[in-house]
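Undergrad: full-length UniProt numbering puts the first residue of the sequence shown at 1, with every later residue one more than the last.
Dropping a structure here in structure tokens format, bear with me for questions.
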Amino acid sequence: MMELRVFTVDAFTSVPFCGNPAAVVPLDAPLPEDLLQKIATEFNLSETAYLTPLPEAGTCGDRVWSTCGKFGLRWFTPLNEVPLCGHATLAAAHALISCLGNSCSKFEFETLSGTLVARKDSETQKITLDFPNYEPVPLSDHHADLATLVKLVEEQLPVQDVRVSLTARKLIVRIKDSCT
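Structure (structure tokens):
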């Protein structure tokens, strides 16, 4: 029988049972993707975060969870893996510090969205996150499939601007101010 450590962390609050909950699961080694999905589905929280030591963590020895500052991080909803999740990243950093006794003030997480950084302020004890800036660009002829979708929206709403961020997999449709 497999045993896992699991922490349920309420992000964005210091009050129990408030905020935005996420499950945080520290793994000594990666598990198969289908198993990660099954576990996340069982938890049925908006996100489950999986932390794994990176190869360079081997220099930390038995104290990988309490002394290393670099980890792999993946997020799963009950239905699928997602490329980025803010509150579960915050929850993962909190679990490392508060549940696993990690003494680092800075964490680097290798994710599907690149390297994300979490820092703990020594005075306030608050954690701040640095995320990549995926600047959206105007929709162009290269995005014919999205243009078709936008035309359907324009038939129903007064569209002012359309932008796309392929890296973040987001389509941004700005509706004219008079509509809101």
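Virtual Cβ for every residue (Gly too), placed ideally from N, Cα, C.
If you draw a straight line from the alpha carbon of Leu166 to that of Pro136, how long is it in whole angstroms?
TA: Going by the C-alpha atoms only, they are around 8 Å apart.
Undergrad: I need the DSSP call for Leu171, collapsed to helix, strand or coil.
TA: Correct three-state label for Leu171: strand.
Undergrad: Within the same chain, show all residues whose beta-carbon is closer than 7 Å to that of Leu54, passing over the 5 residues directly before and after it, in chain order.
TA: The residues are Lys70, Phe71, Gly72, Glu110.
Undergrad: Please go through the same chain and pick out, in chain order, the residues whose beta-carbon is closer than 7 Å to the beta-carbon of Pro132, but skip the five residues on each side of it.
TA: Cβ within range, chain order: Ser113, Gly114.
Undergrad: Buried or exposed, going by whether 16 or more other CB atoms sit within 10 Å of the CB of Asn80?
TA: It counts as exposed.
Undergrad: Could you round the C-beta distance between Phe76 and Glu108 to whole angstroms and report it? I think they count as a contact, below 8 Å.
TA: Contact doesn't hold; Cβ gap of about 21 Å is too wide.
Undergrad: With a threshold of 16 other CB atoms inside 10 Å of the CB of Pro83, please say whether the residue is buried or exposed.
TA: Classification of Pro83: exposed, given that the 10 Å Cβ count is below 16.
Undergrad: Quick check on the DSSP output: the beta strand (DSSP E) that includes Phe12 runs from which residue to which?
TA: Per DSSP, Phe12 belongs to no beta strand (DSSP E) and is neither H nor E.
Undergrad: My understanding is that Pro138 touches Arg163, with C-beta atoms under 8 Å, so please give their C-beta distance in whole angstroms.
TA: Right, the Cβ-Cβ distance comes to about 6 Å (below 8 Å), so this counts as a contact.
Undergrad: Considering only the alpha carbon of each residue, which of Val153, Arg74, Ala93 lies closest to Cys68?
TA: Nearest C-alpha to Cys68: Ala93.
Undergrad: State buried or exposed for Cys85, treating a residue as buried only when at least 16 other CB atoms are found within 10 Å of its CB.
TA: Label assigned to Cys85: buried.
Undergrad: Count the other C-beta atoms from every protein chain shown that fall within 10 angstroms of the C-beta of His142, then say buried if there are 16 or more, exposed otherwise.
TA: The residue in question, His142, is exposed, as its Cβ has fewer than 16 Cβ neighbours within 10 Å.
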